[in-house]
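Encoded as structure tokens, the structure appears first; notes follow it.
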Ligand code: 5GP
Ligand code: ZN
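Residue numbers (the UniProt record's numbering): 1 to 122.
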């Protein structure tokens, strides 16, 4: 897709800090992180929004399944203390359309952890 910044990142035409890549997906660090860990998972194929990719459940599942693997790698996966209480953890977000807060119109999954930016922490 011409003039799509995330297509250009997927094609390596503009730089990003890649943290994962396979034939379908690319994950890279958000340029303006909202927390110590802020990664974006994108399909290499262009879909403007989640609703445009609704016919691709396998691809969407692959994106979602990558999130906990990345969280583990970046040290923010859910862990459990000796009493079995959960600790740490991360947030997965897909914004869709203006009312959903979407700014870049190439489907992307945010993986955010290491703090609680949604509670005012950074
Ligand atoms: P949205 O609001 O569309 O869900 O989120 C877009 C995200 O993309 C934002 O968190 C923003 O910081 C990030 N972003 C925008 N442009 C670039 C870029 O050129 N490179 C990287 N790595 N992230 C970007
Ligand atoms: Zn694109």
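Just so you know, even glycine gets a beta-carbon here, dropped at the ideal spot from N, CA and C.
Asked	Found
Every unbroken beta strand (DSSP E) inside the UniProt domain "HIT" (5 to 122) [3 residues or more]	18 to 21, 25 to 29, 37 to 43, 90 to 93, 109 to 113
Through-space distance from residue 103 to residue 76, alpha-carbon basis	25 Å
Distance, residue 11 Cα to residue 25 Cα	11 Å
Outcome for residue 61 when other beta-carbon atoms lying within 10 angstroms are tallied against a minimum of 16	exposed
Classification of residue 42 by the beta-carbon crowding that lies within 10 angstroms, buried from 16 upward	buried
C-alpha distance - residue 112 paired with residue 86, whole-angstrom precision	17 Å
Residue 63 CB to nearest heavy atom of ligand 2 below 7 Å	no
Any non-hydrogen atom of ligand 2 within 7 Å of residue 6 CB	yes
Buried or exposed (CB count within 10 angstroms, at least 16 for buried), residue 114	buried
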